[in-house]
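Chains as they are written, first to last, in the numbering used here: chain B, 7 to 355; chain R, 379 to 927.
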């Protein structure tokens with residue numbers, strides 16, 4: 007047994023040392039996409055790029071969007087990857103301030119609607135967008151014969167008491183986006199009042215999306231509350247990942263005027279990359295029709311490029327907000343901390 | 379071995395911990411405090427002035443203290459039964475106790491909700507039997523929920539320490555006391571309890587440290603109104619990007635847990651308390667009373683099953699209870715990649731990755747643990763206990779701090795391993811090998827000198843003495859340490875959350891992935907994957923322990 011054990015150890019050490027030094031120059035160039043845990047894309051799509059440019063794509067996931075960005079900033083001197091995908095407009099100002107991206111202007115950028123191009127320095131290029139908004143459980147409301155909530159302001163009414171669950175903006179990205187929605191809607195002078203009324207109406211605060219959606223939302227096995235802060239892409243995902251085949255979505259997104267926050271996700275070329283040309287090609291590729299049309303079914307958001315064909319489940323069950331809240335990165339960067347602090351005092355203490 | 383040569387033993391562990399723990403920590407602290415506006419002392423003073431932080435510090439301490447006390451009280455009867463009675467299935471129960479160790483907090487939270495949530499089993503039952511309209515129990519986002527989860531996670535630690543120690547305690551003293559007419563209760567308080575004091579202290583310290591640094595439980599079950607120091611570090615570093623503040627809070631935590639670990643190692647070296655009691659020498663002479671019609675004993679075993687078993691059973695039921703009743707739908711779905719996503723994790727791949735990481739971790743942890751224990755066991759005056767407690771530090775250091783430390787420390791050759799898959803293994807090893815030390819060291823210390831001397835006098839060579847005296851005892855201790863290392867790595871708890879991962883998804887990561895998408899199938903698959911994780915951990919533990927025979 008002892009010799010077997012030694013063989014085992016020896017083998018593992020070999021494997022380890024091999025893995026550490028395996029990145030030789032002889033193999034095709036490896037280009038690394040640094041991203042957050044929610045990134046996903048079809049198998050075939052990246053292969054298209056790899057074939058065309060004789061390169062190998064490596065995906066490096068490091069935690070949620072906030073943690074991934076922090077690590078990108080910390081590794082500024084010797085970046086962990088060549089491009090970074092997945093910073094949204096809530097964290098954008100932090101990335102711009104840290105100056106971790108090379109400016110780049112892909113040819114296809116001109117086709118993207120201006121409203122998505124918030125970075126005038128072209129360091130962060132929009133790839134997709136989605137709405138953070140309220141989702142409600144259709145069946146629950148039908149059973150109780152209570153009308154669906156139509157607008158943010160409905161939530162303070164007595165008939166919606168104890169029905170809402172939101173995420174803590176201090177540590178959750180949809181929670182933060184929803185806080186921004188209320189600021190954008192009611193203004194800096196009014197949002198706290200709105201939250202005061204929500205609190206009086208027994209709002210429930212979860213620490214993250216998973217607990218809110220799978221723990222408290224009435225669609226989940228143990229949940230009791232039929233309104234939750236989630237995404238515009240959640241209803242089609244509910245259909246796509248349902249157990250039985252569904253003809254209509256079990257949940258709906260509330261997308262009335264000024265009730266949702268538009269989250270835009272960006273890609274940027276990390277300063278210090280050793281494959282600048284290839285990184286630019288990869289950014290181009292992310293705006294190409296092949297990549298763009300692959301986005302909805304994997305990340306449940308809309309492609310940034312207009313006229314990209316959408317999958318059936320999106321066409322049928324997803325909707326965009328007509329008049330979403332959009333805040334400039336400067337406004338966010340200047341005020342985010344104090345908004346969160348005031349919110350915490352008003353709602354939690 | 380001469381005492382000078384002995385110091386060579388500690389060189390490999392020192393290098394390992396130096397490079398993969400102290401060096402990254404040092405680096406991240408340097409960067410955090412590099413700005414002249416945020417020097418360490420100023421930041422500390424400013425921080426202590428904020429009422430919010432004082433509140434966090436106070437909550438961290440009292441919830442850890444209370445969790446420890448409750449865990450002690452609840453685990454004590456179990457330890458009593460297991461140390462005094464002999465019955466079938468005892469070793470199986472002991473093995474199953476390992477499972478809570480590997481459960482991701484999300485999964486534990488789901489299990490607790492299935493049991494105690496407003497639509498959980500218990501509330502539904504009570505509403506039915508008592509004819510109520512509203513669920514009577516509201517534990518969501520309360521400190522009670524946190525306390526229960528801490529008991530669930532730490533029961534095994536108190537249980538292992540106390541039952542192992544109690545088993546080896548001489549029975550003549552309590553017997554004498556009773557013979558002299560003292561009541562059972564009086565004997566317990568005047569004789570048994572004083573004998574058990576060191577082990578109770580040691581267990582309290584370890585559980586206290588684990589609860590003090592609690593993160594996932596507080597975040598998910600505690601809700602937004604409760605925060606420990608560890609949660610505050612995460613909030614400051616990741617969401618507010620206030621690195622100096624995060625670093626100061628992290629330092630406070632390190633100093634505090636170091637003191638606790640110091641005390642723990644002292645007690646261990648003085649009184650032979652052991653976290654892995656089945657290893658120590660005197661155990662072979664143990665013969666417990668058979669478990670018969672003792673009512674109290676049955677109650678205890680039942681309670682144990684209820685406490686630790688019911689969340690696990692609830693999980694299993696969640697994984698097979700679909701909209702159409704019981705079925706294996708979720709398990710089958712794990713194998714279908716309908717959307718052809720590269721982020722789809724085939725369960726087999728996740729398993730292989732997890733097992734690869736866990737085995738590599740186990741091997742590394744065993745090697746490092748062996749060197750460390752070989753050095754430490756000769757030290758009887760407690761001189762080396764500083765070193766010992768230093769090696770325990772990775773166990774209680776903030777995951778965010780260490781993860782970010784890796785990023786800044788290993789950014790240039792020859793140590794540019796930030797994106798290597800060796801890094802998760804090294805990180806897991808840091809958390810795992812303290813368990814190997816805790817298993818080996820008391821066993822090694824418990825080998826009586828006279829046994830070796832007797833063998834040597836009878837003409838055995840030093841090699842033969844080692845083979846026939848030391849090795850048989852150490853082998854079992856090593857394997858139990860290995861089982862813990864395996865479990866630690868399978869569950870990926872502690873300092874491994876913030877480490878970059880190339881395309882090597884593991885089972886806990888697959889569970890998080892499912893939990894981050896809407897839709898009933900995703901929830902079901904997360905549950906199914908969690909159950910597979912439990913089974914593999916238990917199996918892995920059994921296989922490694924079997925190697926002893």
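All residues carry an ideal CB built from backbone N, CA and C; glycine is no exception. Bear in mind the structure is a predicted one, so any value in this text is a computation, not a measurement.
Return the residue from the list R:612, R:774, R:788, R:792 that minimises the CA-CA distance to residue 810 (chain R).
Position 432 of the second chain holds residue 810 (chain R). With distances taken between Cα atoms, residue 810 (chain R) lies closest to R:774.
If contact means a Cβ-Cβ distance below 9 Å, which residues of the segment 880 to 899 of chain R contact chain B?
Look at the segment 880 to 899 of chain R: the residues with a C-beta under 9 Å from a C-beta of chain B are 880, 881, 883, 887, 890, 891, 893, 894, 895, 896, 897, 898, 899.
Counting only C-beta atoms, is residue 254 (chain B) closer than 9 Å to chain R at any point?
What you label residue 254 (chain B) is simply residue 248 of the first chain in a count that begins at 1. Between residue 254 (chain B) and chain R, the shortest Cβ-Cβ separation is not below 9 Å.
Could you tell me the distance, in whole angstroms, from the CA atom of residue 531 (chain R) to the CA atom of residue 479 (chain R)?
As a first step, residue 531 (chain R) must be located in the second chain, where it is residue number 153. As a first step, residue 479 (chain R) must be located in the second chain, where it is residue number 101. Computed Cα separation, rounded: 6 Å.
Per-residue contacts from residue 80 (chain B) into chain R (C-beta, under 7 Å):
In the first chain, residue 80 (chain B) corresponds to position 74, counting from 1. Simply 782, 785, 786.
Nearest by alpha-carbon distance to residue 47 (chain B): which of B:63, B:34, B:248, B:57 is it?
Along the first chain, read from residue 1 onward, the residue named residue 47 (chain B) stands at position 41. The shortest Cα separation from residue 47 (chain B) among B:63, B:34, B:248, B:57 belongs to B:63.
The segment 203 to 221 of chain B: which residues have C-beta closer than 9 Å to a C-beta of chain R, in chain order?
Residues 210, 211, 212, 213, 214, 215, 216, 217, 219, 220, 221.
Where the beta strand (DSSP E) containing residue 756 (chain R) begins and where it ends
For the purposes of this step, residue 756 (chain R) is identified with residue 378 of the second chain, where counting begins at 1. Premise fails: residue 756 (chain R) is in no beta strand (DSSP E) and is neither H nor E.
Show which residues of chain B have a CB atom less than 7 Å away from the CB atom of residue 789 (chain R).
Locating residue 789 (chain R) in the second chain gives position 411, counting from the first residue. Ordered by position in chain B, the residues that pass the 7 Å Cβ test against residue 789 (chain R) are 81, 83, 84.
Span separating the alpha-carbon of residue 558 (chain R) from that of residue 540 (chain R)
Numbered from 1 along the second chain, position 180 holds the residue referred to as residue 558 (chain R). Numbered from 1 along the second chain, position 162 holds the residue referred to as residue 540 (chain R). Going from the Cα of residue 558 (chain R) to the Cα of residue 540 (chain R) covers about 26 Å.
Is the number of C-beta pairs between the segment 724 to 734 of chain R and the segment 882 to 893 of chain R that are closer than 8 Å three or more?
When Cβ pairs closer than 8 Å are counted between the two stretches, the segment 724 to 734 of chain R is seen to touch the segment 882 to 893 of chain R, the count reaching three or more.
Quick check on residue 909 (chain R): buried or exposed, where buried means 16 or more other Cβ atoms within 10 Å of its Cβ?
In the second chain, the residue the question calls residue 909 (chain R) occupies position 531. It counts as buried.
Would residue 867 (chain R) pass as a contact of residue 777 (chain R) if the rule is Cβ separation under 9 Å?
In the second chain, the residue the question calls residue 867 (chain R) occupies position 489. In the second chain, the residue the question calls residue 777 (chain R) occupies position 399. No, these two residues do not count as a Cβ contact at 9 Å.
Does the segment 509 to 516 of chain R come into contact with the segment 699 to 709 of chain R, if we say contact requires no fewer than three beta-carbon pairs (one atom in each stretch) closer than 8 Å?
No, because fewer than three Cβ pairs between the segment 509 to 516 of chain R and the segment 699 to 709 of chain R fall closer than 8 Å, the two stretches do not touch.
Along the chain, where does the alpha helix (DSSP H) containing residue 619 (chain R) start, and where does it finish?
Position 241 of the second chain, counted from the start, is the residue given in the question as residue 619 (chain R). From DSSP, residue 619 (chain R) is part of no alpha helix (DSSP H); its letter is neither H nor E.
Which residues, in chain order, does the segment 47 to 77 of chain B contribute to contact with chain A at a C-beta distance below 8 Å?
In the displayed structure, chain A is absent; the protein chains listed are B and R.
Residue 43 (chain B) by DSSP, collapsed to three states: which one?
Position 37 of the first chain, counted from the first residue, corresponds to residue 43 (chain B). Judged by DSSP in its simplified three-state form, residue 43 (chain B) adopts coil rather than helix or strand.
Within 9 Å of any Cβ in chain R, is that where the Cβ of residue 229 (chain B) sits?
Within the first chain, numbered from 1, the residue matching residue 229 (chain B) stands at position 223. By this cut-off, residue 229 (chain B) is an interface position.
Under the three-state DSSP convention, the category residue 253 (chain B) falls into
Locating residue 253 (chain B) in the first chain gives position 247, counting from the first residue. Residue 253 (chain B) falls in the coil class under three-state DSSP.
Near-chain R residues of the segment 241 to 253 of chain B - C-beta to any C-beta below 7 Å
So the list reads 243, 244, 246, 247, 248, 249, 250, given in the order they occur along the chain.
Near-chain B residues of the segment 616 to 636 of chain R - C-beta to any C-beta below 8 Å
Cβ contacts with chain B: 616, 617, 618, 619.
Beta carbons nearer than 7 Å to chain B: which residues of the segment 496 to 511 of chain R have them?
Listed by position along the chain: 496, 497, 498.
At a cut of 8 Å, does the segment 489 to 497 of chain R reach the segment 892 to 899 of chain R through at least three beta carbon pairs?
Two segments are said to touch when three or more pairs of C-beta atoms, one from each, lie closer than 8 Å; by this definition the segment 489 to 497 of chain R does not touch the segment 892 to 899 of chain R.
Which residues in chain R have a C-beta closer than 8 Å to the C-beta of residue 343 (chain B)? List them in chain order.
Indexing the first chain from 1 puts residue 343 (chain B) at position 337. Under the 8 Å cutoff, chain R gives 618.
Nearest to residue 291 (chain B) by alpha carbon, out of B:54, B:34, B:35?
Along the first chain, one-based indexing puts residue 291 (chain B) at 285. Nearest Cα to residue 291 (chain B) within the set B:54, B:34, B:35: B:54.
If the criterion is Cβ atoms closer than 9 Å, does the pair residue 345 (chain B) and residue 185 (chain B) meet it?
Numbered from 1 along the first chain, position 339 holds the residue referred to as residue 345 (chain B). Numbered from 1 along the first chain, position 179 holds the residue referred to as residue 185 (chain B). Cβ atoms of residue 345 (chain B) and residue 185 (chain B): closer than 9 Å.
Judging by CA-CA distance, which residue of R:430, R:507, R:536 is the nearest neighbour of residue 449 (chain R)?
Working through the second chain from its first residue, we reach residue 449 (chain R) at position 71. Per the Cα distances, R:536.
Beta strand (DSSP E) segment containing residue 272 (chain B), residue limits
Locating residue 272 (chain B) in the first chain gives position 266, where the first residue counts as 1. Segment 267 to 276, the beta strand (DSSP E) holding residue 272 (chain B).
If you count every other CB in all the chains shown that lies within 10 Å of the CB of residue 545 (chain R), and 16 or more means buried, which is it?
By 1-based counting over the second chain, the position of residue 545 (chain R) is 167. Classification for residue 545 (chain R): buried.
On the DSSP letters alone, give me the boundaries of the alpha helix (DSSP H) that residue 858 (chain R) sits inside.
Your numbering for residue 858 (chain R) matches position 480 in the second chain. From DSSP, the alpha helix (DSSP H) with residue 858 (chain R) extends over 849 to 869.
For a contact defined as C-beta to C-beta under 7 Å, what are the partners of residue 284 (chain B) on chain R?
The residue labelled residue 284 (chain B) in the question sits at position 278 within the first chain. The premise fails here: residue 284 (chain B) is roughly 17 Å from chain R at the closest Cβ pair, so nothing lies under 7 Å.
Inter-residue Cα distance where the pair is residue 636 (chain R) and residue 695 (chain R)
Mapped onto the second chain, residue 636 (chain R) falls at position 258. Mapped onto the second chain, residue 695 (chain R) falls at position 317. In a straight line, the C-alpha of residue 636 (chain R) is about 41 Å away from that of residue 695 (chain R).
In angstroms, rounded to a whole number, what distance separates the CA positions of residue 659 (chain R) and residue 543 (chain R)?
Taking the first residue of the second chain as 1, we reach residue 659 (chain R) at position 281. Taking the first residue of the second chain as 1, we reach residue 543 (chain R) at position 165. Annotation note: pLDDT 49 at residue 659 (chain R) (below 50); position unreliable, coordinate value reported separately. C-alpha separation (whole angstroms): 12 Å.
Are the C-beta of residue 876 (chain R) and some C-beta of chain B separated by less than 9 Å?
Reading the second chain from its first residue, position 498 is the one you call residue 876 (chain R). Cβ-Cβ to chain B under 9 Å: yes for residue 876 (chain R).
Taking 9 Å as the threshold (beta carbon to beta carbon), is residue 148 (chain B) in contact with chain R?
Along the first chain, read from residue 1 onward, the residue named residue 148 (chain B) stands at position 142. Cβ-Cβ to chain R under 9 Å: no for residue 148 (chain B).
Measuring straight from C-alpha to C-alpha, what distance separates residue 101 (chain B) and residue 160 (chain B)?
Mapped onto the first chain, residue 101 (chain B) falls at position 95. Mapped onto the first chain, residue 160 (chain B) falls at position 154. Going from the Cα of residue 101 (chain B) to the Cα of residue 160 (chain B) covers about 36 Å.
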